[in-house]
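Right, one structure below, let's go through it.
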Amino acid sequence: MGNIDHIDRLEEYIEDFGDEISKIKTASEYLESIESFQAEITKTSATLDQSLNQLKVYQEILESKLALFLTMVKNIEVKQQILEQTQVNIISSLSEIKEYQANNKKDVMGALNGITQLANNNHNEVVSELKKIYQQQEENQGSLIALAKNSKTYFIINAILIASVLGTLGFLLIR
936 MGNIDHIDRL EEYIEDFGDE ISKIKTASEY LESIESFQAE ITKTSATLDQ
986 SLNQLKVYQE ILESKLALFL TMVKNIEVKQ QILEQTQVNI ISSLSEIKEY
1036 QANNKKDVMG ALNGITQLAN NNHNEVVSEL KKIYQQQEEN QGSLIALAKN
1086 SKTYFIINAI LIASVLGTLG FLLIR
């Protein structure tokens, strides 16, 4: 019977050993699952790191664009202040010009009234002077007509004399 006990023990050992082997297989499968999960976590971590780096780049770009936008806003505000100041200056200049024009209009109207009075006062003198100039022009025109008649007469006499001199020369040359 010693052998049967021995065989029973061996069977128990084999059974225990089989249980241990199945536990090791299960543990090995768990280890493989853990290793594949760890590999996936590593890949995911690398992807997340890359995404984080891209997000940092995007954040830097957005921050620089924000800074540019803020600078543009400040420039626009400064330009708006300059435009407002220019508008105030233009309005004050227009007010000064309007006041100057009003004063100038009064001065011009006064001067025109003075000129009108002088023109009315001197109207008779101007009319008499124009009559004298017209009479002198008529007299000069009569003299010019007489001179034109005299110059036509002298021209005709000169033409006759030149023709007779040429005729005499022609006669002398032929002879």
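First residue of the sequence shown: 936, per the numbering used here; consecutive thereafter. Every residue gets a Cβ at the ideal spot worked out from N, C-alpha and C, and that includes glycine. Keep in mind it's a predicted model, so treat the numbers as computed, not measured.
Subject >> Separation of Ile1080 from Ser1063, as counted between CA atoms >> reply: Your numbering for residue 1063 matches position 128 in the sequence shown. Your numbering for residue 1080 matches position 145 in the sequence shown. Near 26 Å, if we compare the C-alpha coordinates of Ile1080 and Ser1063.
Subject >> Thr979 versus Leu987 - alpha carbon distance >> reply: Position 44 of the sequence shown, counting from 1, holds the residue named residue 979. Position 52 of the sequence shown, counting from 1, holds the residue named residue 987. Going by the C-alpha atoms only, they are around 12 Å apart.
**OP:** Report the rounded CA-to-CA distance for Met1044 versus Lys1066, giving the unit in angstroms.
**Re:** One-based indexing of the sequence shown puts residue 1044 at position 109. One-based indexing of the sequence shown puts residue 1066 at position 131. Looking at the two C-alpha atoms, the distance is approximately 31 Å.
Original post:
From Gly968 to Leu983, what does the alpha carbon distance come to, in whole angstroms?
Top reply: Numbered from 1 along the sequence shown, position 33 holds the residue referred to as residue 968. Numbered from 1 along the sequence shown, position 48 holds the residue referred to as residue 983. The question names Gly, but residue 968 is Ser in the sequence shown. Near 22 Å, if we compare the C-alpha coordinates of Leu983 and Ser968.
Subject >> Same chain, Cβ closer than 7 Å to Val1023, five either side skipped, listed in chain order >> reply: Position 88 of the sequence shown, counted from the start, is the residue given in the question as residue 1023. By the criterion of a C-beta distance shorter than 7 Å, Val1023 is surrounded by no residue of its chain, once the five residues flanking it on both sides are discounted.
Original post:
Taking the alpha-carbon positions, what's the Ser957 to Ala981 distance?
Top reply: As a first step, residue 957 must be located in the sequence shown, where it is residue number 22. As a first step, residue 981 must be located in the sequence shown, where it is residue number 46. Straight-line Cα distance between these residues: approximately 36 Å.
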